[in-house]
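What follows is a short report on a single structure.
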Amino acid sequence: AQKITQTQPGMFVQEKEAVTLDCTYDTSDQSYGLFWYKQPSSGEMIFLIYQGSYDEQNATEGRYSLNFQKARKSANLVISASQLGDSAMYFCAMRELISGTYKYIFGTGTRLKVLA
Amino acid sequence: NAGVTQTPKFQVLKTGQSMTLQCAQDMNHEYMSWYRQDPGMGLRLIHYSVGAGITDQGEVPNGYNVSRSTTEDFPLRLLSAAPSQTSVYFCASQKGLNTEAFFGQGTRLTVV
Chain A
1 AQKITQTQPG
11 MFVQEKEAVT
21 LDCTYDTSDQ
31 SYGLFWYKQP
41 SSGEMIFLIY
51 QGSYDEQNAT
61 EGRYSLNFQK
71 ARKSANLVIS
81 ASQLGDSAMY
91 FCAMRELISG
101 TYKYIFGTGT
111 RLKVLA
Chain B
1001 NAGVTQTPKF
1011 QVLKTGQSMT
1021 LQCAQDMNHE
1031 YMSWYRQDPG
1041 MGLRLIHYSV
1051 GAGITDQGEV
1061 PNGYNVSRST
1071 TEDFPLRLLS
1081 AAPSQTSVYF
1091 CASQKGLNTE
1101 AFFGQGTRLT
1111 VV
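Read top to bottom, the protein sequences are chains A and B.
Residue 15 in the working numbering sits at position 15 of the first sequence; the count goes up by one each step and never skips.
Residue 1060 in the working numbering sits at position 60 of the second sequence; the count goes up by one each step and never skips.
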């Protein structure tokens, strides 16, 4: 079963508008962490935002915010005021304890295209 | 700051050849890991290390070996390359488990 599910293979958004990228996760751990990364066409992986399972407030980093709904096991990334440079692949990832060791699991990604 | 340095950027191997992908970080991070990225799939964890002398398997470890003799270096060895190992490989380091991962630039490996 998929641990991290990103159901949107591709998304379009108009420049300056907000966009939400979906991420749902599956874990039985009480303590876990959720991450979002951006991968531009140049290929590097760039960290965007982190949310801990015990964090009561939704994480925010500049134009990025994480809509964390623990009961629904969702951790959607919201990008406000989209810019052309936001066009990229976006990956949701989870840090989970598996068989006594911590491992990181990535989703399959969402390709975002910002339109001028 | 160099961050995470990964070499080479591109490599073509023949089936059965061996090689080592190098990864070095200068941030004194304890946690280092190797991932592979295939089309239509997210990153999959190959091996990771929580400190010098300590390594463990990730999701797809078969055909790969790692060692961590120093905090800075975490090389990935392909013992006998197979076409199924054609992929983009990323090395990453983290200060802690709940902190951001810093990634290398990636290595595009083709096995023919």
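Don't be surprised by glycine CBs; every beta carbon is placed ideally from N, CA and C.
For residue i: DSSP bridge partner residues
| i | result |
| --- | --- |
| Gly33(A) | Gly52(A) and Arg95(A) |
| Val1050(B) | According to DSSP, Val1050(B) bridges with nothing at all. |
| Glu61(A) | Tyr64(A) |
| Leu1043(B) | Gln1037(B) |
Residue i versus the options, residue with shortest Cα-Cα distance
| i | options | result |
| --- | --- | --- |
| Thr1007(B) | Asp1026(B), Gln1094(B), Gly1106(B) and Leu1045(B) | Gly1106(B) |
| Glu56(A) | Phe47(A), Asn67(A) and Ile46(A) | Asn67(A) |
| Leu1045(B) | Val1004(B), Val1088(B) and Asn1098(B) | Val1088(B) |
| Gln51(A) | Gln14(A), Lys73(A), Lys3(A) and Ala81(A) | Lys73(A) |
| Thr1070(B) | Gly1051(B), Leu1043(B), Trp1034(B) and Met1027(B) | Gly1051(B) |
| Gln8(A) | Ala18(A), Gly109(A), Gly85(A) and Ile105(A) | Gly109(A) |
| Ser1067(B) | Pro1061(B), Leu1076(B) and Gln1025(B) | Leu1076(B) |
| Gln1017(B) | Thr1086(B), Ser1049(B) and Pro1039(B) | Thr1086(B) |
| Tyr90(A) | Lys38(A), Ser99(A) and Ala116(A) | Lys38(A) |
| Met45(A) | Ser1084(B), Ala1101(B) and Leu1109(B) | Ala1101(B) |
| Phe35(A) | Leu112(A), Ser41(A), Leu115(A) and Gly107(A) | Gly107(A) |
| Ser1084(B) | Ala1092(B), Thr1015(B) and Thr1020(B) | Thr1015(B) |
Cβ-based burial, residue i [other Cβ within 10 Å; buried from 16]
| i | result |
| --- | --- |
| Val1112(B) | exposed |
| Leu48(A) | buried |
| Thr60(A) | exposed |
| Lys70(A) | exposed |
| Tyr1031(B) | buried |
| Glu15(A) | exposed |
| Met1041(B) | exposed |
| Asn1028(B) | exposed |
| Glu96(A) | buried |
| Gln83(A) | exposed |
Beta carbon proximity, residue i to chain B, threshold 8 Å
| i | result |
| --- | --- |
| Gly109(A) | yes |
| Gly10(A) | no |
| Tyr44(A) | The question names Tyr, but residue 44(A) in the sequence shown is Glu. Yes, because at least one Cβ of chain B sits closer than 8 Å to the Cβ of Glu44(A). |
| Lys103(A) | yes |
| Tyr64(A) | no |
| Tyr50(A) | yes |
| Arg95(A) | yes |
| Phe68(A) | no |
| Gly33(A) | yes |
Continuous beta strand (DSSP E) stretch holding residue i: start and end
| i | result |
| --- | --- |
| Cys23(A) | Neither: Cys23(A) is in no beta strand (DSSP E) and is coded neither H nor E. |
| Asn1065(B) | Tyr1064 to Val1066 |
| Arg1077(B) | Leu1076 to Leu1078 |
| Gln8(A) | Gln8(A) -> no beta strand (DSSP E), and no H or E assigned at all. |
| Ala1081(B) | Where Ala1081(B) is concerned, there is no enclosing beta strand (DSSP E), given that its DSSP letter is neither H nor E. |
| Gln1006(B) | Val1004 to Thr1007 |
Closer than 8 Å to chain A by CB, residue i
| i | result |
| --- | --- |
| Gln1105(B) | yes |
| Asp1026(B) | no |
| Gly1058(B) | yes |
| Asn1062(B) | no |
| Asn1098(B) | yes |
| Phe1090(B) | yes |
| Met1032(B) | no |
| Leu1043(B) | yes |
| Gly1051(B) | no |
| Ala1101(B) | yes |
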